[in-house]
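Numbering (the UniProt record's numbering), first residue to last: 1 to 667.
Right, dumping it as structure tokens:
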């Protein structure tokens, strides 16, 4: 618009409303006007006074005065070109109120002034000057084209009265915000290229706008473009648009036919063209290239695939977030449980008000902290399903179990492929005593597993490792220091090697087990073999042996062990599964089983006490009766003899009496 030598404005002519107004800048005429203006300026600046050139002016003015001869006015009556004249101010144009075109290109003008009298002006070109503010245009109500490109403008202002503007060129300035143009309902072309815009907004009301140029800005977001009913061409090349969401409003524009987005980060994406074409079906050109029907069809197919991929990705993201929040919830519940248990233990052992220290942290639960975490969790899971108290997940060759409730899932019907693929079983936020109860299930459910992991399982004593002997086999054992105080014991690894010697462990906590480690374990804990077996009753020992070993054991007890070819050391060899009999006596009773045994012992003690008490009472009664009988027996014997003598004294009467008794008994 600003550099062409010919510009046609489709507007009604001032003299003829049915004829388009057309003007051409002739180079020869321009040269003539330049010489004339230069002549006037030289006269003005040299201090010479000429009433002919300055009209009615009688004194030297602060602005140069420009006048044309009658012949020049006749030749170009409605246009004036003053380009490349090194002007720093707008000269006073005398006797040119009828001007319709005024050209000040390529000067050094800093302010728009002295043209308020040109009320018929239609075209004003101030391209390539040093103007810092739009001003002095309020009286130019007929102005249709305003060219202010390549100046120093920082703000769009003072255009309130220019309601008939058709073209507004503000490119190459320092404008940071689009404003004060909503009233320009007749504006068709707006050029804001090469400015400092970051957001496109405040453009509603431009109902006639057909072309908007925003090239070479810093635009990262676009708004209100869908409110422009006539917009056809939008140039957005070389900005900072990085996602389709930033220009989503363009998809709602029904009139947009040409758009350029090249030079933006979004144009580097593989889905760029397909997405734009899919959402803007009315486009005829994209990045100055015509769009074919085949491209539209391919774009539609590609976008559908991309949307499916995004939906799947979003689904996976939601699942990951739900998993993360569920684990956080399980960890939170675990912490509350541990703190509550520590607090109860502290109150039972110490009545003081000082907090008990567990693993270096206070055991008291502060309500405000608990509430804050609950609030965070509840707010974070909005949009997701309710969090579970446990989580079971198979990832690769590892089965992850979070929370006590996860142990129940071991009873589900696992597919053969999944069960066979599990090599590692990881327990987290589960009491070890609860884990002990399901260890035997691991052998049958997952035949190929060889690695156990424990984290936050409350492993506190060496004897708890005895329970791992129930597992079929283990090659690796990992005990995380977090939530397992037993790791603080210096010799815990050696005890594991001693107790689980029959497993031939390869790694403990990721470190290879050496022969020296095994030898050291035997030196440190080998004496436990003898202690355990010597203190164990024979019936308990027999329960640990197989049928063939029972016979052998009886043979040893009868003193015939030497003949069997088995020495004392050999009697402790690995039994059916490879575990020695003596070490099999080193077992672990969970708290629940220990309590059950204590309760059972208590019931047996009560039963025995009751039974013995009854026996004692019966014996006392018998003894009392016996003593009474001993005292009464002599008198009773005398009475018996006396009665017998009396009865048989009359033999006939006695016989009759006996017969009578027999007869009565038969009846």
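Beta carbons are placed, not taken as given, at the ideal position from N, Cα and C, and that holds for glycine.
Being a predicted model, the structure only gives us computed values, none of them experimental.
Just the Cα atoms here: how many angstroms apart are residue i and residue j?
i	j	result
residue 360	residue 485	Reliability of the predicted coordinates at residue 360 is poor, the pLDDT of 37 falling under 50, and no value is obtained from them.
residue 338	residue 328	15 Å
residue 520	residue 609	49 Å
residue 212	residue 259	10 Å
residue 658	residue 612	48 Å
residue 499	residue 527	12 Å
residue 601	residue 407	30 Å
residue 126	residue 165	15 Å
residue 637	residue 617	29 Å
residue 135	residue 161	11 Å
residue 168	residue 293	35 Å
residue 205	residue 253	15 Å
residue 244	residue 269	10 Å
residue 97	residue 217	39 Å
residue 67	residue 80	11 Å
residue 86	residue 284	44 Å
residue 628	residue 635	12 Å
residue 78	residue 104	15 Å
residue 50	residue 140	Only weak support is given to the placement of residue 50: the predicted model assigns it a pLDDT of 32, under 50, and the value that follows is read from those uncertain coordinates. Looking at the two C-alpha atoms, the distance is approximately 30 Å.
residue 322	residue 415	25 Å
Could you have a look at residue i and say whether DSSP puts it in helix, strand or coil?
i	result
residue 665	helix
residue 121	coil
residue 451	strand
residue 174	coil
residue 221	strand
residue 400	strand
residue 626	helix
residue 198	coil
residue 139	coil
residue 235	strand
residue 244	helix
residue 189	strand
residue 527	helix
residue 338	helix
residue 652	helix
residue 226	helix
Within the same chain, show all residues whose beta-carbon is closer than 8 Å to that of residue i, passing over the 5 residues directly before and after it, in chain order.
i	result
residue 441	410 and 411
residue 518	497 and 501
residue 648	654
residue 671	As shown, the chain starts at 1 and ends at 667. That puts residue 671 outside it, with no answer to give.
residue 314	none
residue 29	Unreliable positioning characterises residue 29 in this predicted model, as indicated by a pLDDT of 35, which lies under 50. A coordinate reading is not provided.
Identify, in the order they occur along the chain, each residue of the same chain with its Cβ nearer than 7 Å to the Cβ of residue i, setting aside the five sequence neighbours on each side.
i	result
residue 388	326
residue 299	273, 274, 277 and 278
residue 246	220, 221 and 222
residue 110	88, 130, 131 and 132
residue 303	274, 275 and 278
residue 421	397
residue 480	454 and 455
residue 674	It is not possible to answer for residue 674, since the shown part of the chain is limited to 1 through 667.
residue 599	none
residue 522	498
residue 669	Residue 669 cannot be examined here, being either before or after the span of the chain that is shown, 1 to 667.
Suppose contacts are defined by Cβ-Cβ distances below 7 Å. Is residue i in contact with residue j by that definition?
i	j	result
residue 266	residue 241	yes
residue 476	residue 451	yes
residue 588	residue 463	yes
residue 226	residue 201	no
residue 214	residue 236	yes
residue 107	residue 131	no
residue 425	residue 454	no
residue 509	residue 490	no
residue 228	residue 209	yes
residue 142	residue 120	yes
residue 436	residue 469	no
residue 280	residue 251	yes
residue 400	residue 330	no
residue 429	residue 459	no
Counting only beta-carbon separations shorter than 7 Å, does residue i have a partner in chain D?
i	result
residue 610	The question asks about chain D, but that chain is absent: this structure has only one protein chain.
Counting only the same chain and skipping the five closest in sequence on each side, list residues whose C-beta sits under 6 Å from that of residue i.
i	result
residue 296	277
residue 84	106
residue 650	none
residue 261	236 and 267
| message | Under 8 Å: do the stretch 180 to 195 and the stretch 153 to 167 share three or more Cβ pairs, one atom per stretch? | response | As far as the Cβ criterion goes, the stretch 180 to 195 touches the stretch 153 to 167, which means the pair count is three or higher.
| query | Any contact of the stretch 112 to 130 with the stretch 91 to 104, i.e. 3+ C-beta pairs under 8 Å? | reply | yes
| query | How about the stretch 188 to 196 and the stretch 157 to 173: do they share at least three Cβ pairs that are nearer than 8 Å? | reply | yes
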